[in-house]
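A short worksheet on the structure shown next.
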Ligand SMILES: [Zn+2]
């Protein structure tokens, strides 16, 4: 173990240990240490093990099994309401930043169940806040829900994270629809959170339960990152996340990666000077700056690595040919399909910024540059995947379980949260789920089928069982935190994450 890791894990274990009912455990008091030889063998090149064998997690004892069975009863009693909420969301879809009724319904349910609920987020980054205000009238994220149940002790904090935004339809007539199954997320998270809090209360178990709605996943900027940066998740020990269901349940390899591609998005506001079209020499045309900008980006393509995708849209411009444009806005995205390309992506963004400044100068304009969205690598946790696998096998349909490993992607799509707060994306296993396209009507319709209803309850049970184990076993929780420190160190060393992604 390197000195740096030792220091890091000592601090983490100490801080966490103090927080946890006053029990202090030493740095080496973890299952990681118990299985040092096995894990060292799985480790290569300083890279922490990418698969944790399920057998390394100690067997559930009788007392825990009894508690888990009680939790199942509570979830089963609550199941009709969980299903009702998901069906209601399916029939009342709202797109990102406008999910007001969905937020009110889910927040209201949590309030009714004894959670302390607040809406909106304070302390958001100003640049980010200005972009969501300008585009969606959503400064302060009014549809965000932060619900807390404070139990016997403050820690550990188990946080169920969910989205509620529907997809924007390809045609205006069609309206929003739940083709990404986000209607299942809130009901699952609320179902697990409410039931788990009830169990803690009934059985006098320490710990707190949070449920957090993060708005508008389908539309950048990524609000989970912004909320994490504003401190919403500070204090969270483990986060759970779910995202509907598909034909197979797979666990992922541990490591650093992302669900989709690395993205950096920025707004370029070109400001010129208006003038009568017939006296255009008196003006400074922002459309000229914009045209030069797009041409220069085309030139840069030739000198960019093939894994780059550069995409732009003119989002604001004038519409009068006889008036020189004094304002044009371009929304530009750089995408890198290479997961190890985070540094290269940042370099590409700097090149585009330089182009923007250059063309602004050439067209006698000023330019404001706002980088407003980043999708970076996150951490996928091996120990949490192993624990999930134990309970997917317990609750899932065997035919729907695949032992093939998925790629690491972290519990959230945008990187930052999963680097800072350990968590897992839980996937249920429902046999006979048809293979349909993502973001489709068929995918939405699956959620209100009998299989969709089973998936809701199964996911809540898997999450509840995992939460129970982590709350009852501080050593397991310490092991997950040790893994977090190891992946952070490895990620920094290999350039998969950058120092500024680690929340101090
Ligand atoms: Zn989605």
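Numbering (this note's numbering), first residue to last: 5 to 508.
We put the beta carbon where it would ideally sit given N, CA and C, even for glycine.
These numbers come from a predicted model, not from an experiment.
Proximity to residue i [Cα-Cα], best of the options
i           : options            : result
residue 3   : 391, 274, 498      : Outside the shown range of the chain, which is 5 to 508, sits residue 3, and nothing can be said about it.
residue 156 : 208, 235, 92       : 208
residue 49  : 175, 206, 493      : 493
residue 354 : 369, 373, 436, 368 : 373
residue 124 : 118, 117, 111, 135 : 111
residue 511 : 274, 54, 456, 197  : Only positions 5 to 508 of the chain appear in the structure, and residue 511 is not among them; the question remains open.
residue 401 : 375, 346, 254      : 254
residue 43  : 444, 387, 310      : 387
residue 2   : 93, 216, 129, 332  : The question about residue 2 has no answer here: the residues shown for the chain are numbered 5 through 508.
residue 309 : 319, 347, 131      : 347
residue 371 : 137, 272, 425, 341 : 272
residue 296 : 461, 495, 365      : 365
residue 100 : 113, 139, 79       : 139
residue 452 : 187, 429, 244      : 187
residue 443 : 174, 279, 456      : 174
residue 84  : 305, 460, 423      : 460
residue 323 : 291, 448, 304      : 291
residue 490 : 456, 89, 52, 115   : 52
residue 500 : 380, 480, 317, 458 : 380
Residue i CB to nearest heavy atom of ligand 1 below 7 Å
i           : result
residue 186 : yes
residue 221 : yes
residue 182 : no
residue 336 : no
residue 375 : no
residue 397 : no
residue 247 : yes
DSSP state of residue i mapped onto helix, strand, coil
i           : result
residue 241 : coil
residue 30  : Annotation note: pLDDT 44 at residue 30 (below 50); position unreliable, no value reported.
residue 409 : strand
residue 25  : At residue 25 the pLDDT is 41, less than 50, meaning the model places this residue with poor confidence and gives no usable figure here.
residue 501 : coil
residue 369 : coil
residue 272 : strand
residue 50  : coil
residue 492 : helix
residue 72  : helix
residue 92  : helix
residue 212 : strand
residue 395 : helix
residue 13  : Model confidence at residue 13 stands at a pLDDT of 48, short of 50, so the residue's coordinates are unreliable and nothing is read from them.
residue 387 : helix
residue 461 : helix
residue 261 : strand
residue 101 : coil
residue 339 : strand
residue 507 : coil
residue 300 : helix
residue 378 : strand
residue 326 : coil
residue 19  : Its pLDDT being 45, under 50, residue 19 is placed unreliably in this model, and the value from its coordinates should be taken loosely. Three-state DSSP puts residue 19 in a helix.
residue 255 : strand
residue 159 : coil
residue 143 : coil
residue 55  : coil
residue 200 : helix
residue 128 : coil
residue 444 : coil
Beta-carbon proximity check, residue i vs residue j, cutoff 8 Å
i           : j           : result
residue 220 : residue 268 : no
residue 413 : residue 261 : yes
residue 161 : residue 241 : yes
residue 289 : residue 328 : yes
residue 148 : residue 165 : no
residue 127 : residue 235 : yes
residue 163 : residue 171 : no
residue 229 : residue 421 : yes
residue 181 : residue 57  : no
residue 93  : residue 211 : no
residue 396 : residue 405 : yes
residue 264 : residue 417 : yes
residue 376 : residue 135 : yes
residue 278 : residue 287 : yes
residue 450 : residue 340 : no
Residue-level contact to chain B via CB, residue i, 8 Å cutoff
i           : result
residue 254 : In the displayed structure, chain B is absent; only one protein chain is listed.
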